[in-house]
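Residue numbers (the working numbering): 24 to 140.
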């Protein structure tokens, strides 16, 4: 059994890439940096926007308030981006947006601007 165990350990050492002999044959293995590596401390804005709202580096909601301009009377109304009810214009009673499963769908011809902080 000891002979069998000795041969297995020799095979395991030979196949193990972290052994000293493997490091001597491939000196660039420790210092290899791939171009596809991502900087986790300074992610780009596009990568952060794609992540889930709780998985971002700094948590932030996906929803926002917006000013919607009516296509008929050019009256501006404040609307929540994920509104769950139909929003009507205050002066002409035109439909500004309709709810969907997530974000509200603006009516054709309406323009919007995201409200700042």
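Using N, Cα and C, we set each Cβ at its ideal position, and we do this for glycine too.
| Item | Value |
| --- | --- |
| Roughly how many angstroms lie between the CA atoms of residue 130 and residue 87, to the nearest whole one? | 18 Å |
| If residue 106 and residue 84 are in contact, beta carbons under 8 Å, what's the gap, nearest whole angstrom? | That pair is no contact at about 14 Å. |
| At which residues does the beta strand (DSSP E) containing residue 92 begin and terminate? | 88-92 |
| Going by the beta-carbon positions, is the gap between residue 120 and residue 95 smaller than 7 Å? | no |
| Within 10 Å of its beta-carbon, does residue 76 have 16 or more other beta-carbons around it, so buried, or fewer, so exposed? | exposed |
| Can you give me the Cβ contacts of residue 138 inside the same chain, cut-off strictly under 8 Å, excluding the 5 residues immediately before and after it? | 87, 88, 89, 90, 101 |
| Can you give the Cα-Cα distance for residue 79 and residue 125, rounded to whole angstroms? | 20 Å |
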